[in-house]
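Before any comments, here is the structure.
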Amino acid sequence: MSGRRPDIVMILTDDHAAHAISAYGSKVNTTPRIDEIARLGRRFDNCFATNSLCSPSRASILTGTYSHINGVTTLVTPIDAAQPSFVSALRAAGYRTAMVGKWHMGDGPGHDPQHFDYWDVLIGQGEYVDPVFLSESGRRVVEGYTTDIITDLALDWISSSDAPYCVLIYHKAPHRPWVPSPAHEHLFTDPIPLPPTFDDDYSTRTSSARRAAMRIAEHLTLEDLKGPPPEGLTYEEEALWKYQRFMEDYLRCVASVDDNVGRVTDFLRARGTFDDTLLMYASDQGFFLGDHGWFDKRFMYEESLRMPLVLSYPRRVAPGVVDEMVTNVDWAQTILEATGVEAHPRMQGRSFWPLLTGDSFQPADGIYYRYWEHDDVFHKAPAHYGYRTARYKLIYFYNDGLDLPGTGWGTYPPEWELYDLREDPAELHNVYDDPAYATVRAELTVAMWNEQARLGDQPHPSQPRPVTP
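In the working numbering, the protein residues as written are 633 to 1101.
Laid out in C-alpha cells, this is it:
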C-alpha cells in the first residue's frame, strides 16, 4: 500500500463549533472519535472560514476560490457546478469520486453535483428523519436517521471498488432545528455550563452587531426548543432555560456525528487502508453556542469564524498541532498536492501540505473574510468584510443591501470595529476609536485593501482608499 496514492475521505458537518469538540478543549461535551483523528494526525487551531455561511463555505472548499470568484456569495446564489474543483482534478487524474449527504449549493440542472462518479444528496437543508435523497436516478425517501444513512451510503460506495477514491461525506447535523437520534436522547440532561460571554451587553460594539436577531433569549423558535418555556420565568430565567434546551439537542446531534466518524475510522482500519487515507473532519464554519448570548454564525467574530479541522494520514503525516493560519480556500490545493495532482490555476488558496510534511512554509500575514448576505428578515446580520492577523482583527460593516430584495438596509451607515485578540480574546472591547491603536488601525486597513486587490475582490464604494501610515 505504501506506493499508492492516498484515498481521500472528507467528513464535513454543518455548524459544528470547534469549542464543542473535546480535542479543542470543549467544556460541554466529549467527542472521542473525532479526537482520535486529531491524536493520530493534526489539529488545526487557526483554520478560518472566508464567508461564515453554509453554501458559500462549501463552494470555497470545493473550488479553492473565494465567494466572489465561485459565485456562491449567499444561501440563495447557487453554484455553477461545472466549474473546476479539486474533485474534477482528482477525477481527471484517475480517482473515483463520490458526494454523499448535504450538498446545499442549489438543486436542478447546472446546480446538482458534477464531476462525481456517484452522488446521492439531500434536498436543500434536508431532514433529520426519513430524509429525501436525490441522485441521478431521481428522488426517494430513505427511512432512518440521516446521520447514520449518510455514513451507510458512503461506506457502501467505498466498498464497491479497490481503486483510489475521493468521497465527500457531508452531514446535515448539527444544523438547526437539532433533532437527535433516539440513541442519544438520554444525553446531556445535567446542567450545561454557560459560556463566559453569555451576558455580553455589546457595550462597545457597533449598532451593526447589536441589531442581529440571533439571541438565544429572544430568537429561538418553538420548533428549535420542541415546546414552550415553563410559565412564570423571568427574562433571565427563560434565557437560561432556552440555552439548556438548545444545547441538549445540539450536543446530542454532535454525539451521533461522533459515533459515525468512528464508524468510518473503524471501516478504514478493517479494510486495511487507514494508514493510506487522508481522513479529514471539519465543519463548514463555526457556531455561537451561547457565546455573546447568540446562536448561529455569519459574523467575523471568533466563534463563528473559526472552523474545526482535524486530519490524519499516518503514512505521511506525523501527529501534532498546526498553529499557522489557514482558510477553507486552502483545502483544495492541499488535497491536490497530497495526491500529486496539479491544481487548477484559477484556485486562490495555497497548499498547507508542506506544514504537514515538514517542508518550508511561509505563514500568511493575515486572512481576508467577507460575509455578503445582507438579511433584514431572519438573522439581521449585516454585510461586512475584514482582515485578521495573528493578533488583530479589523471589521468593516458596509451595511448595503446587495443580495436580498426589499431589505431596506441602506439607511444604516458604515461602521468599523477593531479587536486586539491578545489582550481581548473574547472580543468584548472594540478599540477602533482608541487613539492608542491608531497606527494599528491604519496598517490593517492598508493590508486589507491590498489583500482585496490581490484576490480580485472590490471594496465597497463607501470605503475610502486608505492612507499608508
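Where a beta carbon is used, it is the ideal one built from N, C-alpha and C, also for glycine.
Contact set for residue i: own chain, Cβ-Cβ below 7 angstroms, skip 5 residues either direction
{"i": "P809", "result": "E855 and D856"}
{"i": "P825", "result": "K659 and V660"}
{"i": "L987", "result": "V954, E956 and F993"}
{"i": "W985", "result": "T966, E969 and A970"}
{"i": "A713", "result": "G742, H743, D744, P745 and Q746"}
{"i": "E1059", "result": "Y933, E934 and Y1051"}
{"i": "Y913", "result": "I643, I666, I669, V893 and V942"}
{"i": "R632", "result": "Because the chain here runs from 633 to 1101, residue 632 falls outside it and cannot be looked at."}
{"i": "D832", "result": "H924, G925 and L1060"}
Residue i burial status per 10 Å Cβ neighbour count (16 or more: buried)
{"i": "Q965", "result": "buried"}
{"i": "S840", "result": "buried"}
{"i": "A800", "result": "With the sequence shown as reference, residue 800 is identified as Leu, and Ala is not the correct amino acid for it. So L800 counts as buried."}
{"i": "S724", "result": "In the sequence as displayed, the identity of residue 724 is Ala instead of Ser. Classification for A724: exposed."}
{"i": "H648", "result": "buried"}
{"i": "P827", "result": "buried"}
{"i": "P1037", "result": "At P1037 the pLDDT is 47, less than 50, meaning the model places this residue with poor confidence; the figure from the coordinates comes in the next sentence. With fewer than 16 other Cβ atoms within 10 Å, it is exposed."}
{"i": "F906", "result": "buried"}
{"i": "R636", "result": "exposed"}
{"i": "Y867", "result": "exposed"}
{"i": "S1057", "result": "The residue you asked about is not Ser; residue 1057 is Pro in the sequence shown. It counts as exposed."}
{"i": "D1129", "result": "Coverage of the chain is limited to positions 633 through 1101, which leaves residue 1129 absent and any answer about it impossible."}
{"i": "T645", "result": "buried"}
{"i": "V1099", "result": "exposed"}
{"i": "F657", "result": "The residue you asked about is not Phe; residue 657 is Gly in the sequence shown. Label assigned to G657: exposed."}
{"i": "V811", "result": "buried"}
{"i": "G864", "result": "exposed"}
{"i": "D1065", "result": "exposed"}
{"i": "H818", "result": "exposed"}
{"i": "S983", "result": "buried"}
{"i": "P716", "result": "buried"}
{"i": "R978", "result": "exposed"}
{"i": "A871", "result": "buried"}
{"i": "D991", "result": "exposed"}
{"i": "A1013", "result": "buried"}
{"i": "A844", "result": "buried"}
{"i": "P609", "result": "Absent from the structure is residue 609, since the part of the chain shown begins at 633 and ends at 1101."}
{"i": "E850", "result": "exposed"}
{"i": "V1104", "result": "The displayed coordinates of the chain run from 633 to 1101. Any statement about residue 1104 would go beyond what the structure contains."}
{"i": "P806", "result": "buried"}
Residue nearest to residue i in terms of C-alpha spacing, selected from the options
{"i": "G925", "options": "T697, I848 and R1020", "result": "I848"}
{"i": "T971", "options": "C798, R771 and M737", "result": "C798"}
{"i": "A681", "options": "L968, P940 and G990", "result": "P940"}
{"i": "F830", "options": "D907, D923 and M912", "result": "D923"}
{"i": "D762", "options": "D794, K804, G738 and L852", "result": "K804"}
{"i": "Q917", "options": "N960, S654, Y656 and R637", "result": "N960"}
{"i": "C679", "options": "G770, L911, T779 and S915", "result": "S915"}
{"i": "Y1102", "options": "Q980, Y1044 and P1045", "result": "The structure shown does not extend to residue 1102, since the chain is modelled only from 633 to 1101, so the question has no answer here."}
{"i": "K734", "options": "D788, L766, T989 and V886", "result": "L766"}
{"i": "A815", "options": "I781, H807 and Y777", "result": "Y777"}
{"i": "H651", "options": "M642, P638, G904 and D677", "result": "D677"}
{"i": "L1053", "options": "P1045, R1073 and R1023", "result": "R1023"}
{"i": "S888", "options": "D780, D822, I653 and T989", "result": "D780"}
{"i": "G859", "options": "V774, F927 and K874", "result": "K874"}
{"i": "G738", "options": "Q757, A1070, L785 and R948", "result": "Q757"}
{"i": "E950", "options": "F927, L910 and F920", "result": "It is Ala, not Glu, that sits at residue 950 in the sequence shown. Nearest of F927, L910 and F920 to A950, Cα basis: L910."}
{"i": "I711", "options": "F1010, N702 and F878", "result": "N702"}
{"i": "W1079", "options": "E869, V886, I1027 and K929", "result": "At residue 1079 the sequence reads Ala, which differs from the Trp that was named. Comparing Cα positions, the closest option is I1027."}
{"i": "P995", "options": "F1010, T1021 and W1004", "result": "T1021"}
{"i": "F718", "options": "L883, P946, V641 and S813", "result": "V641"}
Bridge-paired residues (DSSP) for residue i
{"i": "V799", "result": "V641 and A730"}
{"i": "G1088", "result": "G1088 is not bridged to any residue."}
{"i": "S944", "result": "L911"}
{"i": "V954", "result": "F676"}
{"i": "H1016", "result": "Y1003 and F1029"}
{"i": "V761", "result": "Y777"}
{"i": "W751", "result": "M731"}
{"i": "D928", "result": "F920"}
{"i": "M1080", "result": "M1080 is not bridged to any residue."}
{"i": "L766", "result": "V753 and R771"}
{"i": "D1052", "result": "Y1024"}
Close-in-space but distant-in-sequence residues of the same chain around residue i (CB under 6 angstroms, 5 per side omitted)
{"i": "T836", "result": "H1061 and N1062"}
{"i": "A795", "result": "R728"}
{"i": "M633", "result": "Any reading at M633 must be qualified, since the residue scores a pLDDT of 38, below 50, and its modelled position is unreliable; the value itself is stated next. Answer for M633: D908, listed in chain order."}
Cut-off 8 angstroms between Cβ atoms - residues of its own chain near residue i, not counting five sequence neighbours on either side
{"i": "E768", "result": "W751"}
{"i": "T783", "result": "I801, N892, R895 and V896"}
{"i": "F899", "result": "L787 and I790"}
{"i": "T989", "result": "R948 and V949"}
Are the region 750-764 and the region 720-732 touching, with three or more C-beta to C-beta distances below 8 angstroms?
yes
Is it the case that the region 927-941 contacts the region 683-694, given that we only count it when at least three CB pairs across the two stretches are under 8 angstroms?
Verdict: yes, contact present.
Contact between the region 665-674 and the region 882-895 (3+ Cβ pairs under 8 angstroms):
yes
With contact counted as at least three CB pairs below 8 angstroms, one residue from each stretch, are the region 991-1004 and the region 1082-1096 in contact?
yes
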